[in-house]
Amino acid sequence: MVSQVVAAADEKPQQQLLLSKKAGCNSHGQDSSYFLGWQEYEKNPFDLVSNPSGIIQMGLAENQLSFDLLEDWLEKNPHALGLRQEGNSGASVFRDLALFQDYHGLPAFKNALARFMSEQRGHRVVFEPSNIVLTAGATSANEALMFCLADQGDAFLIPTPYYPGFDRDLKWRTGAEIVPVHCSSADGFRVTRAALDDAYRRAQRQRLRVKGVLITNPSNPLGTTVPRADLEMIVGFVAANKGIHLISDEIYAGTAFSDEFVSALEIVAELDNPTDVSDRVHVVYSLSKDLGLPGFRVGAIYSSNAGVVSAATKMSSFGLVSSQTQYLLAALLGDKEFTKGYVAENKRRIKERHDQLVEGLREMGIGCLGSNAGLFCWVDMGHLMRSRSFAGEMELWKKVVFEVGLNISPGSSCHCREPGWFRVCFANMSAKTLDVAMERLRSFVESSSNVTRRAAAAAAVLPARSISCPLAIKWALRLTPSTADRKAER
Amino acid sequence: MATSAMHGEDSPYFAGWRAYDEDPYDSITNPKGVIQMGLAENQVSFDLLEDYLKEHPEASDFGVGFRENALFQDYHGMKSFRKAMASFMETIRGGKAKFDPDHIVLTAGATAANELLTFIIADPGDALLVPTPYYPGFDRDLRWRTGVNIVPVRCDSANGFRLTAGALQAAYDVAVAAGTRVRGVLITNPSNPLGVTIDRAVLADAIEFVARNDLHLISDEIYSGSVFAAPDLVSVAELATAAAEHEQRVHVVYSLSKDMGLPGFRVGVVYSLNDAVVSAARRMSSFTLVSSQTQRTLAAMLADEAFAAAYVRSNRERLRDRHAHVVAALRRRAGVECLRGGNAGLFVWVDMRWLLVGDGEAATVEGELRLWRRVVEEARVNISPGSSCHCDEPGWFRVCFANMSMETLDVALERLSCFVPTGANTSRIQSGYII
Numbered sequence: 001m002v003s004q005v006v007a008a009a010d011e012k013p014q015q016q017l018l019l020s021k022k023a024g025c026n027s028h029g030q031d032s033s034y035f036l037g038w039q040e041y042e043k044n045p046f047d048l049v050s051n052p053s054g055i056i057q058m059g060l061a062e063n064q065l066s067f068d069l070l071e072d073w074l075e076k077n078p079h080a081l082g083l084r085q086e087g088n089s090g091a092s093v094f095r096d097l098a099l100f101q102d103y104h105g106l107p108a109f110k111n112a113l114a115r116f117m118s119e120q121r122g123h124r125v126v127f128e129p130s131n132i133v134l135t136a137g138a139t140s141a142n143e144a145l146m147f148c149l150a151d152q153g154d155a156f157l158i159p160t161p162y163y164p165g166f167d168r169d170l171k172w173r174t175g176a177e178i179v180p181v182h183c184s185s186a187d188g189f190r191v192t193r194a195a196l197d198d199a200y201r202r203a204q205r206q207r208l209r210v211k212g213v214l215i216t217n218p219s220n221p222l223g224t225t226v227p228r229a230d231l232e233m234i235v236g237f238v239a240a241n242k243g244i245h246l247i248s249d250e251i252y253a254g255t256a257f258s259d260e261f262v263s264a265l266e267i268v269a270e271l272d273n274p275t276d277v278s279d280r281v282h283v284v285y286s287l288s289k290d291l292g293l294p295g296f297r298v299g300a301i302y303s304s305n306a307g308v309v310s311a312a313t314k315m316s317s318f319g320l321v322s323s324q325t326q327y328l329l330a331a332l333l334g335d336k337e338f339t340k341g342y343v344a345e346n347k348r349r350i351k352e353r354h355d356q357l358v359e360g361l362r363e364m365g366i367g368c369l370g371s372n373a374g375l376f377c378w379v380d381m382g383h384l385m386r387s388r389s390f391a392g393e394m395e396l397w398k399k400v401v402f403e404v405g406l407n408i409s410p411g412s413s414c415h416c417r418e419p420g421w422f423r424v425c426f427a428n429m430s431a432k433t434l435d436v437a438m439e440r441l442r443s444f445v446e447s448s449s450n451v452t453r454r455a456a457a458a459a460a461v462l463p464a465r466s467i468s469c470p471l472a473i474k475w476a477l478r479l480t481p482s483t484a485d486r487k488a489e490r
Numbered sequence: 001m002a003t004s005a006m007h008g009e010d011s012p013y014f015a016g017w018r019a020y021d022e023d024p025y026d027s028i029t030n031p032k033g034v035i036q037m038g039l040a041e042n043q044v045s046f047d048l049l050e051d052y053l054k055e056h057p058e059a060s061d062f063g064v065g066f067r068e069n070a071l072f073q074d075y076h077g078m079k080s081f082r083k084a085m086a087s088f089m090e091t092i093r094g095g096k097a098k099f100d101p102d103h104i105v106l107t108a109g110a111t112a113a114n115e116l117l118t119f120i121i122a123d124p125g126d127a128l129l130v131p132t133p134y135y136p137g138f139d140r141d142l143r144w145r146t147g148v149n150i151v152p153v154r155c156d157s158a159n160g161f162r163l164t165a166g167a168l169q170a171a172y173d174v175a176v177a178a179g180t181r182v183r184g185v186l187i188t189n190p191s192n193p194l195g196v197t198i199d200r201a202v203l204a205d206a207i208e209f210v211a212r213n214d215l216h217l218i219s220d221e222i223y224s225g226s227v228f229a230a231p232d233l234v235s236v237a238e239l240a241t242a243a244a245e246h247e248q249r250v251h252v253v254y255s256l257s258k259d260m261g262l263p264g265f266r267v268g269v270v271y272s273l274n275d276a277v278v279s280a281a282r283r284m285s286s287f288t289l290v291s292s293q294t295q296r297t298l299a300a301m302l303a304d305e306a307f308a309a310a311y312v313r314s315n316r317e318r319l320r321d322r323h324a325h326v327v328a329a330l331r332r333r334a335g336v337e338c339l340r341g342g343n344a345g346l347f348v349w350v351d352m353r354w355l356l357v358g359d360g361e362a363a364t365v366e367g368e369l370r371l372w373r374r375v376v377e378e379a380r381v382n383i384s385p386g387s388s389c390h391c392d393e394p395g396w397f398r399v400c401f402a403n404m405s406m407e408t409l410d411v412a413l414e415r416l417s418c419f420v421p422t423g424a425n426t427s428r429i430q431s432g433y434i435i
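If you read the protein sequences in the order shown, they are chains S and E.
The numbering of the first sequence is the UniProt record's numbering, which starts it at 1 and goes up by one.
The numbering of the second sequence is the UniProt record's numbering, which starts it at 1 and goes up by one.
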């Protein structure tokens, strides 16, 4: 029984009314560095014309490169906005949409989405519309899947570095735990079998029951597609452990500009006995990154596990997609000619912008992890830190935000084990703005190198994954001297 | 959690839906099909919305604002839309309560709002007190993923199912005796399934009760725009500001699904003057944001105060007419009475107890379900049995009237009147049960 008693009439009743533990909980991913960066940006946002000395937002993985293509389509297809048309049955489209709250989703939209997702994977996987569960964004999809697959206290293994939002999305209301799978720059941050096994053992030591592995492919924050061999290893790991699932968050699938993207579902389909594992592999998708429509809240769970689809469908009641939006997107994604052209052009622009960032950084002696996807690069700025520590990373980050005027994301916020890495977004601004950002960073680096000579002493070693690395790169990628010597950072 | 049956979809409430889904009435193509009177939808005022949209294409077109709208995923929600919602909620309450847009949190429907508030005010294993009969969906919305329990507050026909302080206390005592920590009371005002507004005195009792026991009060006012007869709605928002020390514990849930007939657009609201609740609710709403496209369309519509006021007025009148028609027809032609004082909602709460009893038989839930199955199978009408709403007295049914055309409604009423047995028994038994 709650102990607080309402104060007597002459006292001012100021007690904070007790809320749940979840309400008071801070582990929802809004850590202080992220927040601070955001605050600074909000106080002083860059604008090419009206505020050229403001802070440039490079911490937001948005795709603003291809809106014109969508706007053109909308102009040519006003019917998709739907609310003034006559429908087939004579009732207005508006009326039908207004009433449509079936958690199975609008059939036309699911059909179009299934086809679109198949097309994204070169039709090497065929998506059945009935296996799709629509949710209000991938945020909602990931949480719903956790509710379906994990009970309070169960754990999922997640390779680091990972999207900071997972701490909130996967753990907050579900009570599930995340056990990080440590990936290091020595392996190009690839997931190794040893790392998976190590994470599994750590979970067991913490008396956590492992319910699955969650990967993001293409990776956020690395910007890399997961290599086929690694996917086979991961699927094999899951196949061998009968009680565990694999969630593959493929939200960035459409940003893979080098045609090397392989979906987890392809690996499953290629197995001798797909049925051993096919009901334990689930894909999450969303239109927030590929199409740049985060505001529309369109996410999906894809699973061939009937139990998961059934439970997730019922759960989607708590986060359905607006029927008005389903209708619009059914028309958009159903236009095959449009989607073909959009996908190709969008990738081309992402690659172009990616190259602009990578080249710009290379010229100032800053290296990136070789990448072929995503809306960001994973940048090694370790040589610019004054000390090889997370304290050093924070110090550098604050300088970059406050002095250089770029809001980038420190690797520690992504649970990276090695200090000095930063996620830098490139697709949420114009090419000109990116130039300005590069210029500012160049000045900063030049003034920094006058202060410290450490960068010059770095051994140039290419990371293990060389397939995606541009050839003949002369940048110095400073690696930690010896992983064994490193102590765990605070 | 996935495998539990807590989603509630095995109850008769949903089974009736299935009967309809398998054989839905259509005046032309399937005139013998089942007429759906178990769905509380509002279809009586679509023409008003359609007219508005025709005259205001800028509400559905993006104009030059497409990319900004497409990018907008701020969990604070669009300011213009929150202002429009605040204004609409004030209009519905005749200006008797004020709503601060900065205390509005948007969610994808009231389903999400109720679950979210439950996550915020209660821990797994705790309980909310909910007066019976109540909306069957609460069993899922409040309990499934939250792990929170519902302790029913028993209301019965002796006083028209009015909530009493005594009933609240009794429920509270039951919870305490079971070692369960009660965190709040959830009322629906106007009530679903009763179709009545809650008295000012009862609300004051409820607020006093939660204050005395240091609890929260959630008032689901999803039907607030459908109050078509006296007494006017008294919202907790009105009372809470009057008694300022209690405003921290009172939270309102709203949605456009019933008043505006827009369940597909997924628009719900959590409103609270408790900053900690608002802050937590906003962060949690990340899992259930309203599409920015939809926010934009509805902001335009609801910000048009003249339109909104006219809509609320017309909608009320049409519901009033429907309601009166249904009550009269049921009484005259089927010999069944609706709960006295019904003045709101999209349904009537019908007393069919006298149809359950034969000589010397007591009314039972089994009897109610038998009657319900006969209504579905013989009369070919789906109505909702009171037991699915946790009503303690068998024989009450919720019958919806706003989700069909007048023509279909009349067909349904005709079928119900044919279904009810005629004969000497009826008048004798009726007299014992009319309230």
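Just so it is clear, CB atoms sit at the ideal spot from N, CA and C, and this is done for glycine as well.
Please confirm whether residue i has its beta-carbon closer than 8 Å to some beta-carbon of chain S.
| i | result |
| --- | --- |
| F228 of chain E | no |
| D220 of chain E | no |
| H7 of chain E | yes |
| V312 of chain E | no |
| F46 of chain E | yes |
| S27 of chain E | no |
| P263 of chain E | yes |
Does the beta carbon of residue i come closer than 8 Å to any beta carbon on chain E?
| i | result |
| --- | --- |
| T255 of chain S | no |
| residue 527 of chain S | Nothing about residue 527 of chain S can be reported from this structure: the residues present for chain S run from 1 to 490 only. |
| A23 of chain S | yes |
| C425 of chain S | no |
| F46 of chain S | no |
| E39 of chain S | According to the sequence displayed, residue 39 of chain S carries Gln and not Glu. Taking Cβ atoms only, chain E never reaches closer than 8 Å to Q39 of chain S, which makes this a no. |
| S20 of chain S | yes |
| P294 of chain S | yes |
| V49 of chain S | no |
Would you please state the rounded distance, in angstroms, between the beta carbons of residue i and residue j? I believe it to be under 8 Å.
| i | j | result |
| --- | --- | --- |
| A373 of chain S | G223 of chain S | 6 Å |
| S409 of chain S | F422 of chain S | 6 Å |
| V309 of chain S | V133 of chain S | 6 Å |
| P45 of chain S | Q57 of chain S | 7 Å |
| W349 of chain E | L194 of chain E | 5 Å |
How about residue i and residue j: are their beta carbons less than 8 Å apart?
| i | j | result |
| --- | --- | --- |
| S323 of chain S | F100 of chain S | yes |
| V262 of chain S | L293 of chain S | no |
| A199 of chain S | P221 of chain S | no |
| T118 of chain E | L142 of chain E | yes |
| S60 of chain E | L83 of chain S | yes |
| R417 of chain S | T160 of chain S | yes |
| A300 of chain E | E58 of chain E | yes |
| G137 of chain S | S288 of chain S | yes |
| residue 464 of chain E | K258 of chain E | One cannot answer for residue 464 of chain E here, as it falls past the ends of chain E, which runs 1 to 435. |
| G405 of chain S | S53 of chain S | yes |
| P124 of chain E | V148 of chain E | yes |
According to DSSP, residue i sits in a beta bridge with which residue or residues?
| i | result |
| --- | --- |
| D220 of chain E | E:T188 and E:V253 |
| N382 of chain E | E:Q36 |
| P152 of chain E | E:V130 |
| G179 of chain E | Answer by DSSP bridge pairing: none, since G179 of chain E is not bridged. |
| F422 of chain S | S:V379 and S:P410 |
| H282 of chain S | S:I247 and S:S303 |
| D154 of chain S | S:R209 |
Between residue i and chain C, is the shortest Cβ-Cβ distance under 8 Å, so that the two count as touching?
| i | result |
| --- | --- |
| C416 of chain S | Of the protein chains in the structure, S and E, none is chain C. |
Q) Does the segment 96–115 of chain E touch the segment 254–269 of chain E, meaning 3 or more C-beta pairs lie closer than 8 Å? A) With the cut-off at 8 Å, the segment 254–269 of chain E and the segment 96–115 of chain E touch.
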